[in-house]
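Numbering (my numbering), first residue to last: 1149 to 1299.
Notes for the one structure printed next.
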Amino acid sequence: PLHDAVALHQALYASCALPLYFPPAVINGRRLADGGLRAVLALDVARSIPADLAVAIHVGPGFDEPPLPPSTALHRLLPPPLIRAHGEAIRIMMAAQTELAIAAWPRDGARLVVVRAVAEREATFAVGAGERYVEAGYRQTRLALTPESPP
């Protein structure tokens, strides 16, 4: 298997390789990149596992994120326009992909619970907010999995 033949640092790099930021890794002749480029919310994989309940933790970009504040002269220069345009295109692609994956969940399949604890632009690179994101994820997941009180 591929995972036995690759050093951990190579696998980690490949799992984070986002074009324009980090080029794809070439491992054993294969170009590998961040899995979020193909499946931000890997519901196809979840669908193949027999279960009564599937919990999807949505941490990728979404159309529910508030718009960016009005730009200033400095914001128009940093990051450079090409990187901003690329980031926005990737954000839209990933958000659309996630919506399609959720909409395609089979109605007769396991109950799907989607948890979206944080809806903020540029959250992927906001490493300083990690603790806040973990706490929000924990709270929202517990809330989503708590049975409703009887009437």
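Every residue, glycine too, gets a C-beta built ideally from N, C-alpha and C.
Quiz item: Which two residues bound the contiguous alpha helix (DSSP H) that contains arginine 1255?
Solution: Where arginine 1255 is concerned, there is no enclosing alpha helix (DSSP H), given that its DSSP letter is neither H nor E.
Quiz item: Comparing alpha-carbon positions, which option in Ala1181, Ile1197 and Ala1243 lies nearest glycine 1210?
Solution: Comparing Cα-Cα distances from glycine 1210 to each of Ala1181, Ile1197 and Ala1243, the minimum goes to Ala1243.
Quiz item: What does DSSP give as the partner residues of leucine 1180 in its beta bridges?
Solution: According to DSSP, which records beta bridges pairwise, leucine 1180 is partnered with Ala1173.
Exercise. Identify every residue that forms a DSSP beta bridge with alanine 1159.
Key: According to DSSP, alanine 1159 bridges with nothing at all.
Practice problem: May I have the straight-line CA-CA distance separating alanine 1204 from cysteine 1164, to the nearest angstrom? | Solution: Near 20 Å, if we compare the C-alpha coordinates of cysteine 1164 and alanine 1204.
Self-check item: Cut-off 6 Å between Cβ atoms - residues of its own chain near leucine 1201, not counting five sequence neighbours on either side
Solution: Here the set comprises Ala1258 and Arg1259.
Quiz item: How far does the alpha helix (DSSP H) with leucine 1166 in it reach, from first residue to last?
Solution: Unbroken run through leucine 1166: none, as it is neither H nor E.
Practice problem: Pull up the DSSP beta-bridge partners for alanine 1204, would you. | Solution: Looking at the DSSP assignment, alanine 1204 forms a beta bridge with Val1262.
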